[in-house]
Structure formats: C-alpha cells, structure tokens
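Participant:
Protein chains in written order, with the working numbering: chain A, 674 to 951; chain B, 326 to 683.
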C-alpha cells in the first residue's frame, strides 16, 4: 500500500506542445491570490502589539472560549460528517418521489443568512415540541449544547453536498463486483464505498470544521455570549470589536487563524499518508 | 444409476419489466465447461440478463439455477460466480494484488493462502510484475487481465464476462481471446460471455444465444446458427453473405419459394418476400456435377467476376458472392454456370420490414 501517488508516477507534468501561458497564467493568479490573502492577514499585525497577545493569552475567559470553540467545532463537524455520509449516499443513489424537493430543502441552510438559523432555533425551542425536548434534560437554549446544535445546522449542508458529489463520482459497479466476490452489503459499504469516497470525507470534514470554527451569528442569537459558558472565539472577536478594542480582537483572530491553519495542514498531511492517492 | 449432472447454469423463463423495456421468456441451459456467448445488438438486454444471473437485479419472473442450486433470490455473495463487468471495475485504492485477493479475503482464508493463490493466478495471466501497481496506471489490456484474475481466483462455478473486449484495441483484444481460450482449456471454467461483436462471439462460443429486444431469438452452435438462422434478423445481424432474396408464392402444387421466374423449393412460409440461406460448403460448381437430382437443386447463375488476383479469391454470381472459390481461367465473366445445392440444406426465412440490425 505504500505506493508512490499515481498522479506523480504516470501523468506527465508538462505535455509537449502546450502553450506556456496556459500553465503560467493560472499559476500566476494562484500566487497573486495566495499573496493577497497572506498580506491581508499580515496587515493585521500593524494594529497588534505583543501586549495584546499577552492580554489574550492571560485572560481566563478567552482561554475558556478557545477551548469551547475547539471542542464544539470538532463535535459539530464530526456529527455533520456522520450525518452527511448516509444522507449523501441516499441523495446520490436513491430515487424516490419528492427527491428534488428534499434535495433543495437540504441546501436551504446554505442560502439563508446564518443569523436567521439562530432565530429559527430560538423560535423552535419555544414551541411545545422544542420545550418537550428541553424537558428531557438536555438544554440547548443559551447553553453549550446549543452552540453545537447551531454549528451543526449551519455546516451540515456543506458536508452533505460534498458527500453527495463524492458518491456521485463512484461507479456503482465497484460495489456490485464486490458483492459477487462474496462480501455482504454492509461489508461492501465499509470496504468499498467508504474508501472510494475518502477524498469526499476529508473535504467534508475540513470544510465543516473550518466553518464551525468561525461561526458566531446564530450562536449569539441562540446560545448567547455568557463569559466562560457560551462564548466562542469568533464571538469574542465581535465583542472586542464592538467596544473598540481592535488590538485584542485582532490578536484573538491571529491566534485562531494560526491554530486553524496548523490543524488543517496536519490533517491534510495525515490524510495523505494514510492511503495512496488516486 | 447415477443421475446426470445438472447444467451449470439453468435459466427458466426469466422475465423483467422496466419502464420502456422488458425481458421476457429468456430460457437457456449451459453445461459445465462450455462457453455460451450471449450476442445481440446494443440495448437488447444482455447486461440486464447478466445482472440477474449475478443477483444484482431481481427478476420478476422465472428461475435461475447454478450447478443445480436455485439462486434466483440469493445474495450475489452466495452464488459462487465470477463477474467481470464491462469497465473492469477495479478498486482504485487497492493494488493489483489487493484487487485480485479481495474475493479470497471475503472467504476468510489465511493471508499466506491468499498470497499464494493470488500469485499463482497472476503468473498464469502474466501479470505478476504488476502486483504492487495501482489500477490507475495500467493499460486496458492489463486491467482486463486483473479483473479476470480477480474473478477466477475464487474458482467460481460460472464466469460471467460482460463485453470484456469492448474497451480494448484490436491487438489486445486478440490476445485476450487467445488467453480466454487457454484459461478455459486449463481450468475447465464454464463461461457466459456477453458481447455484440461477431468475430469475438464466433471465436469463443461453443454455443451462441442471440438476443433481440429482450427476447432470445435462437440458441444453437455457431455452425448451426450460420446454416439455419431462425430469423431474417439473425441472418442480417450475423452479416451472412449467403442470402438470396426471393418470394413465396401460391401455386397449384402448394406454396413455393421462387427466385426470378424459377421455382426453387416447396415451403410453408407466408406468401410474400423471403430469402434463402445457401450452405456454401455444400455448393458444387463443376458443370458436370451441377445437375439437378432428386436431392440436389440445380441453380444456373451468371459469373460476374472470377479473379485469382483478389486477396481472397471470390466468385461472384448474380447478386451474391461465393467466398474462397476460383474456377480457373476458362470461366470468364458473363458465362452461365450451373451449381447445385442439397435441397434439405437450404434454410428459407420470411423477410422482415424492420431494419434494426442493418
């Protein structure tokens, strides 16, 4: 299994006769784009002093917010992925009446301003059904569980969409052949379908997690901004900005961005090592 | 007394109805060690039949038995079949050896046994050097061999090949035909081979089943089908060149098959256009032997061309071409020659209006 990646081994990098500009223009645009993003983030340092970083790192409220951000985003991305795999499979493979409508409904949270999702959640939990759910012992409104719920609602549609696209690209004949080779349907799912959509799983997980890390609109509406309880880093940035402490806000942002970037880099490296690419 | 061995594959009255297409009354039987080629134009339902035999689609009517065991509703995993689909369907994330051993893994064999059987099969198919490669880097012919090895290594009761040559160029196609023949000889595998190409079908078939619009038109040996096609569709689909058009007319002696103004044979086809399939191997052209007798029909025909320099010498008679015959310099174009054919060897077919196979 420790194979050289296929694309490196057998796809020639530069076919003959291609015009140089076809390679150079996209590359140039990519460099410009990445450079602009780096500049954008770098320019934040103009307004941040080392003291700001020290304040942020020493503040117990912000340390709590960082910890809450990390575990809530990880949990909601995991839940979104666990939902997206079967739901994406169903959307990709099953044909049933009303499929088009359901497919669009699943996409709806993407097009709604996500602040509205917070409002919807708040309203829902005031209905008798919502109150009943709260009565079961798990509190969502103005509670950490509400953060996870709101993040989950906002990021799951992206994960579902990516998983559907991933399953669309898998030839069902792979699964059919595996069945004739002696594997049962659940075994085929684990041994053929899931490895086939590995790229989709990674992409869904990364997108869901990254989106959840930066979400704050619906969280403020639905879960509130109680210090040390329901405050996430993105909320802290908003709160610091609203009282004019730009330095602190930017320091939080930079810490968050660096952490997220390191996590994504590690994750991608880990995912690339696990199995040969194809 | 020992009861005779059940057929390796027995299909009885298989039926499936889909929106816009249906398969009806497909029945066939295949003895162990034989190769049946299911031949038909694209879209005639061949792959659906294969899917039902594999258990990937449940038939709405009929029964399927493999090696005497009814499998109609069994899981594909329990049918003891090997299946090579059209596009090979190799697992892209497994190496060649991993792909081939995948079916053995399902049978929970110990790793060293799997490795041994995979190696044996790779050596047999000449792909041992590819063992650690991934499918994406392989050529069409190599993938085909891997898919074949993966299906054969589980020692299936029945090997189902769905258009295995369709993705290959001509040379690799010929290599694979030779390889399939060798494998069948060595392993005694029973094969159901699906294809739409005539050369492939005739090169491999012990028996030929011709399908059209969801029905089986004829099952017989290739020689039999060539000599006695069951319908004008089959004659046209097989591009038989030994066809002579004529008409069936009612006379005082009953119905006869007539070409031009000459009555050929009595027959019981409906009146109207019809055609005769002429058994060339039985044709005699010698002017002295070409006479009409009780069991041979004499047919005078004009020589259109008779050229020895053609790559495949060909005698052209009115409207038809007789392959592989050169008469000698004396027989110039324009002369009339009488040839004779056995009366019982001439197959008459009613003409059809549809042009599906043309």
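From the three backbone atoms N, C-alpha and C, an ideal C-beta is built for every residue, glycine too.
#1: Tell me whether the stretch 575 to 590 of chain B and the stretch 653 to 661 of chain B touch, counting them as touching only if at least three CB pairs, one residue from each stretch, are closer than 8 angstroms.
#2: List, from N- to C-terminal side, the beta strand (DSSP E) runs of 3 residues or more that fit wholly inside the stretch 833 to 915 of chain A.
#3: Given a cut-off of 8 angstroms, decide if residue 927/A and residue 739/A are closer than it, judged by their beta-carbon atoms.
#4: Let's test the definition: count the other Cβ atoms within 10 Å of the Cβ of residue 454/B and tell me whether it reaches 16, buried, or not, exposed.
#5: Who are the Cβ neighbours of residue 508/B in its own chain at under 6 angstroms, not counting the five residues just before and after it?
#6: With DSSP as the reference, label residue 379/B as helix, strand or coil.
#7: Could you check what DSSP says for residue 358/B in three-state terms: helix, strand or coil?
#8: From the DSSP secondary-structure annotation, give me the bridge partner or partners of residue 580/B.
#9: Taking residue 857/A as the query, report the chain B residues whose CB atoms sit under 8 angstroms from its CB, ordered along the chain.
#10: Compute the Euclidean distance between the alpha carbons of residue 783/A and residue 881/A, then round it to the nearest angstrom.
#11: Around the C-beta of residue 441/B, are 16 or more other C-beta atoms found within 10 angstroms, so that it is buried, or is it exposed?
#12: Taking only runs that begin and end inside the stretch 515 to 602 of chain B, name each unbroken beta strand (DSSP E) of 3 or more residues, in chain order.
#13: Would you kindly work out how many angstroms separate the C-alpha atoms of residue 673/B and residue 410/B, rounded to a whole number?
#14: How long is the line joining the alpha carbons of residue 518/B and residue 375/B, rounded to whole angstroms?
#15: Where does the unbroken beta strand (DSSP E) through residue 271/B begin, and where does it stop?
#16: Determine, using beta carbons only, whether residue 774/A and residue 840/A come nearer to each other than 8 angstroms.
#17: Looking at chain A, is there any beta carbon in it that lies within less than 8 angstroms of the beta carbon of residue 410/B?
#18: Determine, using beta carbons only, whether residue 873/A and residue 750/A come nearer to each other than 8 angstroms.
#19: Taking just the CA atoms, how far does residue 458/B sit from residue 676/A?
#20: Please report how far the alpha carbon of residue 336/B lies from the alpha carbon of residue 571/B, in whole angstroms.
#21: Using a Cβ cut-off of 7 angstroms, pull out every chain B residue sitting near residue 762/A, in sequence order please.
#22: Does the structure place the stretch 812 to 832 of chain A close enough to the stretch 405 to 425 of chain B that three or more beta carbon pairs sit under 8 angstroms?
#23: Answer yes or no: does any C-beta atom of chain A fall closer than 8 angstroms to that of residue 540/B?
#24: Starting from residue 850/A, find everything on chain B with Cβ-Cβ shorter than 7 angstroms and list it in chain order.
#25: For a cutoff of 8 angstroms on Cβ pairs, would you count residue 479/B as touching chain A?
#26: Could you round the C-beta distance between residue 528/B and residue 542/B to whole angstroms and report it? I think they count as a contact, below 8 angstroms.
#27: Give a yes or no on whether 8 angstroms exceeds the smallest Cβ distance from residue 622/B to chain A.
#28: Which residues in the same chain have their Cβ closer than 8 angstroms to the Cβ of residue 925/A, if we skip the five residues on either side of it in sequence?
#29: Suppose only complete runs of 4+ residues qualify. What are the alpha helix (DSSP H) ranges in the stretch 449 to 508 of chain B, listed by chain order?
#30: For residue 381/B, return the contacting residues in chain A, with the cut-off set at a CB-CB distance below 8 angstroms.
#31: Compute the Euclidean distance between the alpha carbons of residue 401/B and residue 858/A, then round it to the nearest angstrom.
#32: So, for residue 755/B: in the same chain, excluding its five sequence neighbours on each side, which residues have a beta-carbon less than 6 angstroms away from its beta-carbon?
#33: Closest Cβ-Cβ distance between residue 768/A and chain B: below 8 angstroms?
#34: Could you tell me how far apart the beta carbons of residue 382/B and residue 425/B are, in whole angstroms, since I believe they sit closer than 8 angstroms?
#35: Which residues mark the beginning and the end of the beta strand (DSSP E) in which residue 661/B is found?
#36: I'd like the span of the beta strand (DSSP E) that includes residue 388/B, first residue to last.
Facilitator: In brief:
#1: no
#2: none
#3: no
#4: exposed
#5: none
#6: helix
#7: coil
#8: 575/B
#9: 400 and 402
#10: 12 angstroms
#11: exposed
#12: 516 to 520, 532 to 537, 540 to 545, 568 to 576, 579 to 584, 587 to 591 and 597 to 602
#13: 38 angstroms
#14: 9 angstroms
#15: Because residue 271/B is not part of the residues shown, which for chain B are 326 to 683, the question remains open.
#16: no
#17: yes
#18: no
#19: Model confidence at residue 676/A stands at a pLDDT of 40, short of 50, so the residue's coordinates are unreliable and nothing is read from them.
#20: 38 angstroms
#21: Neighbours of residue 762/A on chain B: none; closest Cβ ~18 angstroms, over 7 angstroms.
#22: no
#23: no
#24: 408, 410 and 414
#25: yes
#26: Actually they are not in contact, since the Cβ atoms of residue 528/B and residue 542/B sit about 21 angstroms apart, beyond 8 angstroms.
#27: no
#28: 729, 735, 906, 909, 910 and 913
#29: 465 to 477
#30: 849, 852 and 853
#31: 10 angstroms
#32: The first residue shown for chain B is 326 and the last is 683, placing residue 755/B beyond what the model contains.
#33: no
#34: Contact doesn't hold; Cβ gap of about 26 angstroms is too wide.
#35: 661 to 667
#36: 386 to 391
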